[in-house]
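Below is one structure, written out as structure tokens, with a few remarks after it.
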Ligand code: SF4
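Residue numbers (the numbering used here): 1 to 274.
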């Protein structure tokens, strides 16, 4: 018989520029890997984003994103190390046939990226300790998008890992007509603001507990990254300690958001997210 896991339930209140929300978060009190924080933090992020969605709708705008529209699934999706490890775990629980099909799709995407000369640059993002500049990221994002390579987890224009999709996929919602998303470089596409990016929170948490960089990994390389870094992923910490650290990052980001808003002249829009 398995050991009973003790769970602590915390009421977490977030004060965001779009309003306040309170969320109930459960974490094991025992030692857990950092990937155990992925689900609770994503849920918290979705609640914070729901405030932005409500504000957007109240302003008379419409959110265009619908199931079956996968135009944004050809962009480079950055995921945090804990998400890469959680994704590997989720894939490992799929039936063997499905697992094999996914690994085939990942291999095909990888080979397409290699032929286009992008694989080495993406691998550098996944592995380097060097902080890449915004210009370097912009250039890689542009070259990746120009290829229009579908995400390896896209199946008949539907996300095949919907429940486990990265925070970055959940956070991209636009108010402009969906047809404009067919070319986001040529068309004016308006995403709704995201105050707290959970991929950033989880990347900072990873940096905090491992002493490494706040790494974001290109999604198609996430399964192989998780394989290479399995030993680091097996490290464990008390769940409550991990949650405390993650919430510290959230509050710091929210503080910065309020500060930025106060500094920005009224009517000036924030920079468009990458
Ligand atoms: S994980 Fe799913 S939602 Fe995200 S880019 Fe891939 S197919 Fe699209």
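Don't be surprised by glycine CBs; every beta carbon is placed ideally from N, CA and C.
In the three-state reduction of the DSSP assignment, residue 60 falls in the coil class. At least one heavy atom of the ligand SF4 lies closer than 7 Å to the C-beta of residue 70. CA-CA distance, residue 156 to residue 91, rounds to 19 Å. In the DSSP assignment, residue 97 forms no beta bridge with any residue. Of the other Cβ atoms in all chains shown, 16 or more fall within 10 Å of the Cβ of residue 197; this residue is therefore buried. Per the C-alpha coordinates, the member of 16, 72, 107 positioned closest to residue 54 is 16. Relative to the ligand SF4, residue 202 has its C-beta separated by 7 Å or more from all heavy atoms. Per DSSP, reduced to three states, the secondary structure at residue 157 is coil, with no helix or strand assignment. Between residue 35 and residue 82, the gap from beta carbon to beta carbon is short of 8 Å. Residue 106 and residue 100 have their alpha carbons spaced roughly 10 Å apart.
DSSP places residue 263 within a helical segment (H, G or I) once states are collapsed to three. It is roughly 26 Å from the alpha-carbon of residue 137 to the alpha-carbon of residue 52. Around the beta-carbon of residue 62, fewer than 16 other beta-carbon atoms lie within 10 Å, marking it exposed. Put simply, the backbone Cα of residue 262 is about 18 Å away from that of residue 14.
Apart from the 5 residues on each side of it in sequence, residue 175 sits with its Cβ closer than 7 Å to the Cβ of 56, 61, 62, 63, 64, 190, 192 in its chain, given in chain order. Here residue 203 is buried. Its C-beta has 16 or more other C-beta atoms within 10 Å.
Under the DSSP assignment, residue 204 falls in the alpha helix (DSSP H) whose first and last residues are 198–210. In this model, residue 119 and residue 206 are separated by some 24 Å (Cα to Cα). For residue 69, there is no enclosing alpha helix (DSSP H), as DSSP marks it with neither H nor E. With the rule of 3 Cβ pairs closer than 8 Å, the stretch 247–262 does not count as touching the stretch 219–236. Rounded to the nearest whole angstrom, the C-alpha separation of residue 111 and residue 186 is 27 Å. Across the set 20, 26, 29, the C-alpha of 20 shows the shortest separation from the C-alpha of residue 49.
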